[in-house]
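One structure below.
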């Protein structure tokens, strides 16, 4: 009998025009388990109008930049669905990112893949290091401590925040660090 090998992870992050109702995806990025990454600005569709100056002050993107450099929503959606095929897609903001990815995929007549919390990837990464003789509660405490330590280290890193690729890379980097593997501090240029 062949042992079950779980599907690889895809670490995803989405930036949006607003956190309010009507907000739409403006940037989508993902990193595969082997460190390959993509990032795409999304050109707003005509019906996507909600814009928050507060959100823009965080991500630094403007409507003009999106119109000039963004790709059509349906093109980004198709590429994302292709990249997500046969992978477990994880996010640190499942509710928000899931809603925006659904909106993006609907624009292309596609169904967005189910998002899972990134903690699933972290739990799988830490599992080999847990003391098997310890009780389940003790293992859970140890896992939480390890994950918290690596998340704190990632937060302390000097990186651009509220841009999709650096944020997706941070999830990937934390996962790799928990697993005891090295990884470059920034995604490849």
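Numbering (the working numbering), first residue to last: 296 to 484.
Ideal placement from N, C-alpha and C gives every residue a C-beta, glycine not left out.
Everything numeric in this text was worked out from a predicted model, so none of it was measured.
task: Please determine if the segment 436-447 and the segment 391-410 are in contact, where contact requires at least 3 C-beta pairs separated by less than 8 Å.
output: no
query: Nearest to residue 313 by alpha carbon, out of 329, 357, 298?
result: Along the chain shown, one-based indexing puts residue 313 at 18. Measuring from the Cα of residue 313, the nearest candidate turns out to be 357.
- request: For my contact list, residue 326 and residue 332 are in at a C-beta cut-off of 8 Å; report their separation, rounded to the angstrom.
  value: In the chain shown, the residue the question calls residue 326 occupies position 31. In the chain shown, the residue the question calls residue 332 occupies position 37. Confirmed, Cβ separation roughly 4 Å.
message: For a test of the three-state rule: what should DSSP assign to residue 301, helix, strand or coil?
response: In the chain shown, residue 301 corresponds to position 6, counting from 1. In this structure, residue 301 counts as coil in the three-state DSSP scheme.
message: Counting C-beta neighbours from all protein chains within 10 Å, is the total for residue 471 16 or more, i.e. buried, or is it exposed?
response: In the chain shown, the residue the question calls residue 471 occupies position 176. Result: buried.
message: Against chain C, with Cβ distances strictly below 7 Å, would residue 317 count as a contact?
response: Considering every chain present, this structure includes no chain C. It has just one protein chain.
- request: Measure the beta-carbon distance from residue 389 to residue 466 and round it to whole angstroms, keeping in mind my assumption that it falls under 8 Å.
  value: Locating residue 389 in the chain shown gives position 94, counting from the first residue. Locating residue 466 in the chain shown gives position 171, counting from the first residue. That belief does not hold up - the Cβ atoms of residue 389 and residue 466 are roughly 12 Å apart, past 8 Å.
message: Can you tell me whether residue 354 is buried or exposed? The criterion is at least 16 other CB atoms within 10 Å of its CB, across all chains shown.
response: Here residue 354 corresponds to residue number 59 of the chain shown, with the count starting at 1. Burial check for residue 354: the Cβ neighbour count within 10 Å reaches 16 or more, so the residue is buried.
task: Please check the pair residue 474 and residue 428, which I expect to be a contact at CB under 8 Å, by giving their CB distance rounded to whole angstroms.
output: Residue 474 sits at position 179 when you count from the first residue of the chain shown. Residue 428 sits at position 133 when you count from the first residue of the chain shown. In fact, because the Cβ distance is near 21 Å, the residues do not count as touching under 8 Å.
- prompt: Does the Cβ-Cβ distance between residue 379 and residue 305 come in under 7 Å?
  reply: Walking along the chain shown from the start, residue 379 turns up at place 84. Walking along the chain shown from the start, residue 305 turns up at place 10. Yes. Within cutoff.
query: Roughly how many angstroms lie between the CA atoms of residue 392 and residue 308, to the nearest whole one?
result: As a first step, residue 392 is located in the chain shown; it is residue number 97 there, counting from the start. As a first step, residue 308 is located in the chain shown; it is residue number 13 there, counting from the start. Approximately 7 Å, taken between the alpha carbons.
- request: At 3 residues or longer, and completely inside the segment 336-386: list those beta strand (DSSP E) runs for me, N to C.
  value: 383-386
query: Buried or exposed: which applies to residue 462, given that a residue is buried once 16 or more other Cβ atoms fall within 10 Å of its Cβ?
result: As a position in the chain shown, residue 462 is number 167, starting the count at 1. Around the Cβ of residue 462, a 10 Å sphere holds 16 or more other Cβ atoms; the residue is buried.
field: Option nearest residue 383 by Cα separation, candidates 362, 407, 447
entry: By 1-based counting over the chain shown, the position of residue 383 is 88. Comparing Cα positions, the closest option is 407.
- prompt: Do the CB positions of residue 365 and residue 336 come within less than 7 Å of each other?
  reply: For this step, residue 365 is matched to residue 70 along the chain shown. For this step, residue 336 is matched to residue 41 along the chain shown. Result yes, Cβ atoms of residue 365 and residue 336 sit closer than 7 Å.
- request: Helix, strand or coil for residue 446, going by three-state DSSP, please let me know.
  value: On the chain shown, residue 446 is found 151 positions in, with the first residue counted as 1. Residue 446 falls in the helix class under three-state DSSP.
task: Please say whether residue 385 and residue 411 have beta carbons closer to each other than 7 Å?
output: By 1-based counting over the chain shown, the position of residue 411 is 116. By 1-based counting over the chain shown, the position of residue 385 is 90. Yes, the Cβ-Cβ distance between residue 411 and residue 385 is below 7 Å.
message: Let me make sure I understand the geometry here. Which of 316, 301, 477, 397 has the alpha-carbon closest to that of residue 373?
response: Locating residue 373 in the chain shown gives position 78, where the first residue counts as 1. The shortest C-alpha separation from residue 373 is found at 397.
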